[in-house]
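**Q** These protein sequence lines are chains A and B, in that order.
Using the numbering used here, read the first sequence as starting at 35 and increasing by one per residue.
Using the numbering used here, read the second sequence as starting at 4 and increasing by one per residue.
Once you've had a glance at the structure underneath, I'll fire off some questions.
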Amino acid sequence: VTTTGHEDEFRRLFESEAETRLAELGEQALELESRGRDPELVNAMFRNAHTLKGGAGVVGLKDVVIVVHELEQLIEDLRAGSRDVTRGLADAVLATVDALREMITVAVEGGDTQGAADRARQALAGIDEDAPPAPRSVVPPRPPAPVPARRSPPAAPKEPRRRREDARDAIPVPLARLDELVRLVGEGAAAHLRVGRLLTERLGAEPAAIDEYRDLARVLDQLHAQAMRARMVSVVAVAGALRRAVRDIANATGKEVRWELAGEETELDRHVLERLREPLVALVRNAIDHGIEPPEERAAAGKDPAGHVLVHAMQVGSEVIITVSDDGRGIDTGRVAEATGQDLTSGEALDRIFRPGVTTASTVTGLSGRGVGLDEVRQAVDDLRGTVTVHTVPGEGTEFRISVPITLAILRCLLVDVRGERFAIPMPAIVALVDPKMAGRISAEGRPAVWVTGDAVPLSDLGAVLGIPGGTARGPVVVLSTPSGRHAFDVDELAGQRDVVVKDLGRVLPRIGVLAGASIEPDGGVLLVLDAGGLLEAAGTTPAAHRNGDAGTEIDAPVRPALPRGRATVLVVDDALTIRELQRSILERAGYVVHTAASGREALERLGKDAVDLIVTDVEMPGMDGLELARLVRDRADISQVPILVLTSRATESDRQAGIQAGADAYLVKSAFDEHTLLTAVARLLEEPA
Amino acid sequence: MQALLLPLAGDWYALELATVREVVPSPVLRRVPHAPAAVLGVLNLRGDVVPVLDTASLLGLGSTTRIEHVVVVDSELGAAGLATDALPRRSALGEAAGPADLPAGHGRFAVEDGGVATLIDIGLVLAAFQGTG
Chain A
35 VTTTGHEDEF RRLFESEAET RLAELGEQAL ELESRGRDPE LVNAMFRNAH
85 TLKGGAGVVG LKDVVIVVHE LEQLIEDLRA GSRDVTRGLA DAVLATVDAL
135 REMITVAVEG GDTQGAADRA RQALAGIDED APPAPRSVVP PRPPAPVPAR
185 RSPPAAPKEP RRRREDARDA IPVPLARLDE LVRLVGEGAA AHLRVGRLLT
235 ERLGAEPAAI DEYRDLARVL DQLHAQAMRA RMVSVVAVAG ALRRAVRDIA
285 NATGKEVRWE LAGEETELDR HVLERLREPL VALVRNAIDH GIEPPEERAA
335 AGKDPAGHVL VHAMQVGSEV IITVSDDGRG IDTGRVAEAT GQDLTSGEAL
385 DRIFRPGVTT ASTVTGLSGR GVGLDEVRQA VDDLRGTVTV HTVPGEGTEF
435 RISVPITLAI LRCLLVDVRG ERFAIPMPAI VALVDPKMAG RISAEGRPAV
485 WVTGDAVPLS DLGAVLGIPG GTARGPVVVL STPSGRHAFD VDELAGQRDV
535 VVKDLGRVLP RIGVLAGASI EPDGGVLLVL DAGGLLEAAG TTPAAHRNGD
585 AGTEIDAPVR PALPRGRATV LVVDDALTIR ELQRSILERA GYVVHTAASG
635 REALERLGKD AVDLIVTDVE MPGMDGLELA RLVRDRADIS QVPILVLTSR
685 ATESDRQAGI QAGADAYLVK SAFDEHTLLT AVARLLEEPA
Chain B
4 MQALLLPLAG DWYALELATV REVVPSPVLR RVPHAPAAVL GVLNLRGDVV
54 PVLDTASLLG LGSTTRIEHV VVVDSELGAA GLATDALPRR SALGEAAGPA
104 DLPAGHGRFA VEDGGVATLI DIGLVLAAFQ GTG
């Protein structure tokens, strides 16, 4: 490693530290508007600027040092009381922060920072024009009387800075190093399995019976979990950008907006969150620009003149769901249909807003040149193997829901064998495994198909689609779903499910559509991971890819539990629309009749009117919480026997106890929640009524 | 210049030693569906997935019939494996022995045992591969 390499690494570390400092400075500038010249706030800003200046000096970014120094002067003036907080001042700090961010990125790459530096200086020089108090060049410095003595003196920023670092207890680490760590852990696990095989082959020992071998397996598992966890960041990391977007667009459109971020502690892979930043900003802008009405229009409609925009993040199983909702006018699907010149149902129209070039007054894909459009939002989410959907109620508001896997590095896969070769298919793309004997093979439009829940889904032989020589598969059928439709594939065998660490295939090979990546098997072999979208495309262009086989084998690994015998009625209670709708869709697909309620009170009303066989309720709800609901249900003679399943983000034993005491029959933790767990719990409770 | 001599159909082809990462004996290859014809498969190089290319086919010399060793080289695009049908060996390149016929060749050089080797530019070889792929 050369000296240049080290310098480079230091600069990258500085870049990452600067990112944090600048994000905080941006946040703090926004807070200036509400908190004024709060000494605590101003001191915190000063520390951030000072640390930034020191860091820039160490890595030799002189231009950055000069600009930060000017910013520091400005903050010093605020602290000294020689300058007041104005919107112009906050704007100037924000503009400087933006310019510094650009300067640092450019400088680390070795580029020219002059343009960004000029913009920063202009912004800082421009404040004086609209700042009511006289600029510092005119007013002689006053003694720093307004600063309370309990705060640290301006000349000693070192001590508080260190304390702050300790409080955070964090250091920036290059992502590549974490990736290497994850890779090495994977290598360790593979070596562990090889040792197990050696024990069996050479010594005739059963590894699972050896305590030390099992201990090592456990430690490696934990190490792997921790290494993966180190890549996670919380949604807070994009809070600043969202807040900025709200402020900028509300100012630009003259709308009043109440902004709220919930579930910001939700963690996901840094790569994933970074790639969601722009789409989320776009959705927030869209909500204010096109959803929220002007104050007078809202008042006339009997609404609060200030619109409400809520970004809500939550972990559900191995997915993170982020919703962006507003209480604005909703999307006028009629106008979308009009703009496309086609006769569309409202569902079709809502789908169209994600396509390029659909523009109406209420949904604009290009967003007047600001940031990315809805088509790009969908593209970005697709790239992350996620989904984005929209629900809208005219006059009441719109909710966009993004659902993405927590990490792209690990993917739950179904392993299948095809003509002697093994492949992994990502589970999220699989909608069903069908026993062809039961489903029945048919022919539609000259191509083989198979019945799947009432639809004739086209069927291809996976081996033929992949171009592997050999006979036609006679095994189970795997049904995949992608945005472009559903397609079924014949395979020879199902070989189980596994979490797969997916690597890309590198740049030497051209992009291969049917492959999402590759992974290393415990035995050192290479496992290829298939891409559902690419497979569908390939199947569509592989004529006669399949010849009808006549029989299939029994499927021993069904993805979904069997349908319940009767059509039981389930009442889902949750204040979060997303969770409610998610549970509704899971339960309805499994054949249950589903009612929903948004609060404990609404649930009780519902229980008075309809017969309900099971209640699934959230705990944390405003007003009456889930535990109180459970207590009230147990106290009412007519419904006291209805089983209650409690779903919560709290996971401690005392929470569990509280739930059982309140009368809950079973407890599910949201982070461990998935389709299978929910359906299993529901089925069990319905078969054994309390 | 130090070079790794790569045997193909009885002739030597030379790679600049600095570009060679390692030589993998009797590699286990995984076939890749839908890959270009010159891709023999991928192999696991201590956790990295490396594509293995048919060197003879890339150089326009027919196709590699036996894969005895894979020479892993570093290129601007990442690691790539070159299949050979016999054991590669290290040698210094001696006197220039005329220009090469191959488009990716940088001339012929005398090597230690009295033979001649054609120096190939791995960047050009991969660029040509990507152009056809």
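Here a beta-carbon is modelled for each residue, glycine too, at the ideal position from N, C-alpha and C.
All values derive from a computational prediction rather than experimental measurement.
Based on Cα-Cα distance, which residue from A:Ala-637, A:Leu-317 and A:Arg-614 lies nearest to Leu-276 of chain A?
**A** A:Leu-317
**Q** Buried or exposed for Arg-278 of chain A, going by 16 or more other Cβ atoms inside 10 Å?
**A** buried
**Q** What is the rounded straight-line gap between the Cα of Ala-671 of chain A and the Cα of Ala-602 of chain A?
**A** 20 Å
**Q** Which stretch, first to last residue, makes up the alpha helix (DSSP H) that contains Phe-434 of chain A?
**A** Unbroken run through Phe-434 of chain A is the beta strand (DSSP E), 431-439; no alpha helix (DSSP H).
**Q** Would you identify the three-state DSSP class for Tyr-626 of chain A, choosing helix, strand or coil?
**A** coil
**Q** Within 10 angstroms of its Cβ, does Arg-69 of chain B collect 16 or more other Cβ (buried), or is it exposed?
**A** exposed
**Q** Considering only residues of the same chain and omitting the five flanking positions on each side of Leu-244 of chain A, which have a CB-CB separation below 8 Å?
**A** Contrary to the premise, residue 244 of chain A reads as Ile rather than Leu in this sequence. Contacts found: Leu-233.
**Q** Using a beta-carbon distance cut-off of less than 7 Å, what residues from the region 212-234 of chain A approach chain B?
**A** Arg-217, Gly-220 and Glu-221
**Q** Using a threshold of 8 Å, state whether the C-beta atoms of Ala-333 of chain A and Val-291 of chain A are closer than that.
**A** no
**Q** Using 10 angstroms around the beta-carbon of Ala-259 of chain A, count the other beta-carbons present and answer buried if the total reaches 16, otherwise exposed.
**A** exposed
**Q** From Asp-95 of chain A to Arg-623 of chain A, what distance separates their C-alpha atoms?
**A** Here the sequence assigns Leu to residue 95 of chain A, which means Asp is not the residue at that position. Straight-line Cα distance between these residues: approximately 59 Å.
**Q** Going by DSSP in three states, Met-348 of chain A sits in which element: helix, strand or coil?
**A** strand
**Q** Name the residue from A:Lys-289, A:His-305, A:Thr-357 and A:Gly-115 whose alpha carbon lies nearest to the alpha carbon of Pro-328 of chain A.
**A** A:Lys-289
**Q** Taking the alpha carbon of Ala-90 of chain A as the point to measure from, which residue in A:Ala-225, A:Val-306, A:Thr-374 and A:Glu-51 has its own alpha carbon closest?
**A** A:Glu-51
**Q** Threshold first: 3 residues or longer. Then list the beta strand (DSSP E) segments lying entirely within the region 480-520 of chain A, N to C.
**A** Along the region 480-520 of chain A, the beta strand (DSSP E) occurs as fully enclosed runs of 3 or more residues at 481-486, 489-495 and 511-516, listed in sequence order.
**Q** Using only alpha-carbon positions, find the residue among B:Ala-86, B:Asp-14, B:Val-26 and B:His-37 that is nearest to Pro-544 of chain A.
**A** B:His-37
**Q** Taking the runs of the alpha helix (DSSP H) that are 4 residues or longer, which of them lie wholly in the region 663-706 of chain A?
**A** Within the region 663-706 of chain A, the complete alpha helix (DSSP H) runs of at least 4 residues fall at 687-696.
**Q** Val-42 of chain B versus chain A: which residues are under 8 Å apart at the beta carbon?
**A** Those are Leu-543, listed as they occur along chain A.
**Q** I'd like to know whether the C-beta of Val-563 of chain A is nearer than 8 Å to at least one C-beta of chain B.
**A** no
**Q** Would you say Leu-18 of chain B reaches chain A, if we count a Cβ-Cβ gap shorter than 8 Å as a contact?
**A** Closer than 8 Å: no.
**Q** Run through the DSSP bridge pairs and tell me what Asp-303 of chain A is partnered with.
**A** According to DSSP, which records beta bridges pairwise, Asp-303 of chain A is partnered with A:Met-266.
**Q** Skipping 5 residues on each side, what residues in its chain have a beta carbon closer than 6 Å to that of Ser-60 of chain B?
**A** Cβ neighbours of Ser-60 of chain B beyond the five flanking positions: Ala-41 and Ser-66.
**Q** For Val-207 of chain A, is the classification buried or exposed, using 16 other Cβ atoms within 10 angstroms of its Cβ as the cut-off for buried?
**A** exposed
**Q** Would you mind sorting Gln-617 of chain A into buried or exposed? The rule is 16 or more other CB atoms within 10 Å of its CB.
**A** buried
**Q** Measure the alpha-carbon distance for Leu-108 of chain A versus Arg-69 of chain A and round it to whole angstroms.
**A** 17 Å
**Q** Can you name the residues of chain B whose CB is closer than 7 Å to the CB of Leu-448 of chain A?
**A** By Cβ distance, chain B contributes nothing, its closest Cβ being about 17 Å from Leu-448 of chain A, past 7 Å.
**Q** Does Ala-552 of chain A come within less than 8 Å of chain B when only Cβ atoms are used?
**A** yes
**Q** Taking C-beta pairs closer than 9 Å, name the residues in chain A that Leu-85 of chain B reaches, listed in chain order.
**A** The premise fails here: Leu-85 of chain B is roughly 11 Å from chain A at the closest Cβ pair, so nothing lies under 9 Å.
**Q** From A:Gly-519, A:Glu-455 and A:Gly-488, pick the residue whose C-alpha is nearest to that of Gly-497 of chain A; which is it?
**A** A:Glu-455
**Q** Can you tell me whether Pro-656 of chain A is helix, strand or coil according to DSSP?
**A** coil
**Q** Taking only the alpha-carbon atoms, compute the straight-line gap between Leu-96 of chain B and Thr-58 of chain B and give it to the nearest angstrom.
**A** 21 Å
**Q** I believe Leu-215 of chain A touches Ala-261 of chain A by the beta-carbon criterion, under 8 Å. Please report the beta-carbon distance rounded to the nearest angstrom.
**A** 5 Å
**Q** Could you give the residue range of the alpha helix (DSSP H) that holds Pro-73 of chain A?
**A** 73-92
**Q** Name the chain A residues whose beta carbon is nearer than 7 Å to that of Ala-38 of chain B?
**A** The answer, in chain order, is Leu-543 and Ile-546.
**Q** Over the uninterrupted alpha helix (DSSP H) stretch that includes Gln-107 of chain A, give me the two end residues.
**A** Start and end: 96-114.
**Q** Using the Cα positions of Ala-715 of chain A and Leu-549 of chain A, report the straight-line distance between them to the nearest angstrom.
**A** 36 Å
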